[in-house]
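This report refers to the structure that appears directly beneath it.
In full-length UniProt numbering, the protein residues as written are 1 to 78.
This is the structure we're talking about:
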């Protein structure tokens, strides 16, 4: 599978209030995974997660990962 044309990947949340959840996330225009993601809730707050070194690729040698790990940073109240 050629992942160089893939526009999104799975963000795996490895700790914090959303531990074990996954969300589809778009790559940056540069083709890199996002360094941080912010996930809104319906309770007037959002969670901030930061990218770790953990990445999964569909095939060895793929340019873009299919999944990237993120660690919890903080909860921001709106």
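Even for Gly, the Cβ is constructed at its ideal location relative to N, Cα and C.
Asked, Found
"Indicate the three-state DSSP secondary structure (helix, strand or coil) for residue 50 in the structure shown.", "strand"
"Nearest-angstrom Cα distance between residue 1 and residue 19?", "In this prediction, residue 1 has a pLDDT of 45, which is less than 50 and means its spatial position is unreliable; nothing more can be read from the coordinates."
"In angstroms, rounded to a whole number, what distance separates the CA positions of residue 65 and residue 58?", "7 Å"
"Can you say whether residue 76 is buried or exposed, counting buried as having 16 or more other CB atoms within 10 angstroms of its CB?", "exposed"
"Quick one: measure Cβ to Cβ for residue 78 and residue 44, integer angstroms, because I've assumed they're closer than 8 Å.", "5 Å"
"Using only the alpha-carbon positions, how far apart do residue 30 and residue 6 sit?", "13 Å"
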